[in-house]
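In the numbering used here, the protein residues as written are 5 to 280.
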């Protein structure tokens, strides 16, 4: 029997408004699992809000949204547990006064059940994640301070930390905050590399063999800042010709979602739990 997996993201007429007008949308998307998609708009164009919505961290005004087959807002907690954020100012920015080793150990402790040993910086699983994020760049000194890192290395470290939870969806914001175009391209190449493999190796119990591949959505200010092979969409509906859209006719496995209350309000993240 052939099982058809749901797309990683299915959005129809997804819209967020505020007292000042439209924040993003209406957006139609159908993103297959394992894809890298760019979200393109200038700063203030709704891209951060849309990324947070896709990861289950912000409510929307109207439309419908499913992430890995889970409807939002009904399955908010589940979507949060299977998604991760990277490079969001004031959300996941690492403490400048800590070392990379301390940050990784703290994150590993949150993800590891009490009866298991907390992975350390030197453990092979942690090193594999760091090498996956940094690629050909040297991994930073674990005992240096975060404030000593370059902006590029800080961004790559945030991506590595986000991967520690073995997410099915990774959303990355503000890549264009890196002023050097070469640094921006390095981050995009890292994201391409992440979606070119079956899935990251988490420093926690091995994921099930049928685990879907990692899907990545990342933002930039203009299409010119993306590698040519990366499809993109903007928060107000424009897209490259290859970017998939949701079908106009509802499919049989889609449950219409009610419009959530308090649109635009960030949804508190669930307490980290270990996936079954």
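All residues carry an ideal CB built from backbone N, CA and C; glycine is no exception.
**Q.** Whole-Å CB distance - residue 284 paired with residue 197, under 8 Å assumed
**A.** Any question about residue 284 goes unanswered here, given that the chain covers just 5 to 280.
Q: Write down the C-beta distance between residue 194 and residue 163 rounded to the nearest angstrom, noting that I regard them as a contact closer than 8 Å.
A: 6 Å
Q. Given a threshold of 16 other Cβ atoms within 10 Å of its Cβ, counted over all protein chains shown, does residue 39 qualify as buried or as exposed?
A. buried
**Q.** Exposure label - residue 16; buried when at least 16 CB within 10 Å
**A.** buried
(Q) Judging by CA-CA distance, which residue of 149, 223, 13 and 222 is the nearest neighbour of residue 86? (A) 13
Q. When the Cα atoms are used, what is the spatial distance from residue 10 to residue 176?
A. 22 Å
Q) Exposed or buried, which one is residue 239 when buried takes at least 16 other CB atoms within 10 Å? A) buried
**Q.** Which listed residue (216, 241, 189 and 72) has its alpha carbon closest to that of residue 234
**A.** 189
Q.
Helix, strand or coil for residue 123? Go by DSSP, reduced to three states.
A. coil
Q | N- and C-terminal bounds of the alpha helix (DSSP H) containing residue 67 | A | Counting along the chain, residue 67 falls outside any alpha helix (DSSP H), though it belongs to the beta strand (DSSP E) covering 66 to 71.
Q: State buried or exposed for residue 65, treating a residue as buried only when at least 16 other CB atoms are found within 10 Å of its CB.
A: buried
Q) Between which two residues does the alpha helix (DSSP H) harbouring residue 57 extend? A) 51 to 58
Q | For residue 219, the residue or residues it bridges with in DSSP | A | 173
Q: Look at the Cβ atom of residue 43, then the Cβ atom of residue 236, and state whether they are nearer than 8 Å.
A: yes
Q) Is residue 174 near residue 88, with beta carbons less than 8 Å apart? A) yes
Q.
So, under 8 Å CB-CB, residue 18 and residue 30 are touching, yes? Tell me the CB distance rounded to an integer number of Å.
A. 6 Å
Q. Given a threshold of 16 other Cβ atoms within 10 Å of its Cβ, counted over all protein chains shown, does residue 101 qualify as buried or as exposed?
A. exposed
Q.
Between which residues of its own chain and residue 35 is the CB-CB distance below 7 Å, once the five residues before and five after are set aside?
A. 11, 12, 13, 41, 219 and 248
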